[in-house]
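Working notes, beginning with the structure itself.
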Amino acid sequence: MPQPSEVRAFPLSAQFRASVEGRHMVGLVAPYNVTADVGPFTETLKPGVFKKSIAQAARSLPLHVLHKHDEVPVGVAVSWDDTPEGLYGDFRFDTRADAQEAARLAEEGLLGALSVGFLPLEPHGSKWSRGGGKPHVDRIEARLLESSLCSVPVYEGAGVLAMRSIGVPGVDSSLIVPTPRLDETRAWLESLKKR
Numbered sequence: 179m180p181q182p183s184e185v186r187a188f189p190l191s192a193q194f195r196a197s198v199e200g201r202h203m204v205g206l207v208a209p210y211n212v213t214a215d216v217g218p219f220t221e222t223l224k225p226g227v228f229k230k231s232i233a234q235a236a237r238s239l240p241l242h243v244l245h246k247h248d249e250v251p252v253g254v255a256v257s258w259d260d261t262p263e264g265l266y267g268d269f270r271f272d273t274r275a276d277a278q279e280a281a282r283l284a285e286e287g288l289l290g291a292l293s294v295g296f297l298p299l300e301p302h303g304s305k306w307s308r309g310g311g312k313p314h315v316d317r318i319e320a321r322l323l324e325s326s327l328c329s330v331p332v333y334e335g336a337g338v339l340a341m342r343s344i345g346v347p348g349v350d351s352s353l354i355v356p357t358p359r360l361d362e363t364r365a366w367l368e369s370l371k372k373r
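Taking this note's numbering, the leading residue of the sequence shown gets 179, the next gets one more, and so forth.
Following this line, the structure appears as structure tokens:
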């Protein structure tokens, strides 16, 4: 029986600018070395957990809404940046009306989180420990399956960092409008570097 994929969600904020490549979303999809309570256990994604996975499927991983795998994705990953702080993704939205609506909802903060679906690679991809409270797992290696826009975050501080678009009437192609969450996200990333 196939092992079910797991999902993790992250809050988002956005800024907007034009791009010659069409409408894109850039965000931190998986922060590293941050512990989250995922229900029956706590979990930490370790640096490089998705490194092999993105090398094998970097430009083909889908962007969904609410992990609805039975629906056509609203976008696709264009590139990844695996840093010590976390995994950043650049996603291109499809031109369909429902995909553009998903982009609008992300832009306006109504879909307030990013989420990743992944498959833990066993037996060496996870390191479990049992301390005084809940069991804890460090994810060392996992197969990244998809990313999704959603509204309920699991990990604090990560999310959409920029929306880029082209051909939107009334939008100056050089305009950059930061949101309040962008500064909060940058401060959070800086605090990780000091740990």
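Virtual Cβ for every residue (Gly too), placed ideally from N, Cα, C.
Source: prediction; values computed, not measured.
Legend entry - Distance between residue 242 and residue 345 (C-alpha atoms, nearest Å): Below a pLDDT of 50, predicted positions are generally treated as unreliable, and residue 345, at 38, falls in that range; no measurement from the model is reported.
Legend entry - Per-residue DSSP class, three states only, for residue 351: With a pLDDT of 38 at residue 351, under the threshold of 50, the predicted position of this residue should be treated as unreliable, though the coordinate-derived value follows. Looking at residue 351 - three-state DSSP - the assignment turns out to be coil, as it is neither helix nor strand.
Legend entry - Residue burial classification, residue 313 (beta-carbon count within 10 angstroms, cutoff 16): exposed
Legend entry - Among 201, 229 and 223, nearest to residue 277 - alpha-carbon criterion: 201
Inset, instruction - For residue 263, count neighbouring Cβ atoms within 10 angstroms of its own Cβ and tell me buried if that reaches 16, exposed if not. - result: buried
Legend entry - Residue burial classification, residue 258 (beta-carbon count within 10 angstroms, cutoff 16): buried
Legend entry - Pair within 7 Å by beta-carbon distance, residue 219 and residue 315: yes
Legend entry - Nearest candidate by alpha-carbon position, reference residue 308, set 289, 294 and 221: 221
Legend entry - Euclidean distance between Cα positions of residue 343 and residue 271: At residue 343, the pLDDT of 48 sits below 50, so the modelled position is not reliable and the matter cannot be decided from this model.
Legend entry - Nearest residue (CA-CA) to residue 322, options 273, 369, 260 and 301: 260
Inset, instruction - Could you check the C-alpha separation between residue 226 and residue 245 for me, to the nearest Å? - result: 23 Å
Legend entry - Other residues of its chain near residue 374: CB distance less than 8 Å, five sequence neighbours each side excluded: The shown model of the chain, from 179 to 373, leaves out residue 374, and the question about it has no answer.
Legend entry - Per DSSP, cross-strand counterpart(s) of residue 240: 254
Inset, instruction - Round the Cβ separation of residue 265 and residue 208 to the nearest angstrom and send it over; I've been treating them as touching at under 8 Å. - result: 4 Å
Inset, instruction - Pull up the distance between the alpha-carbon of residue 212 and that of residue 318, whole angstroms please. - result: 13 Å
Inset, instruction - Taking residue 326 as part of the beta strand (DSSP E), name the residues at either end of that continuous run. - result: 320 to 328
Legend entry - residue 270 in three-state terms, based on DSSP: strand
Legend entry - Member of 294, 273 and 255 whose CA lies at the smallest distance from the CA of residue 234: 255
Legend entry - CB of residue 296 within 7 Å of CB of residue 203, strictly: no
Inset, instruction - Please report the residue range of the beta strand (DSSP E) in which residue 316 lies. - result: 313 to 317
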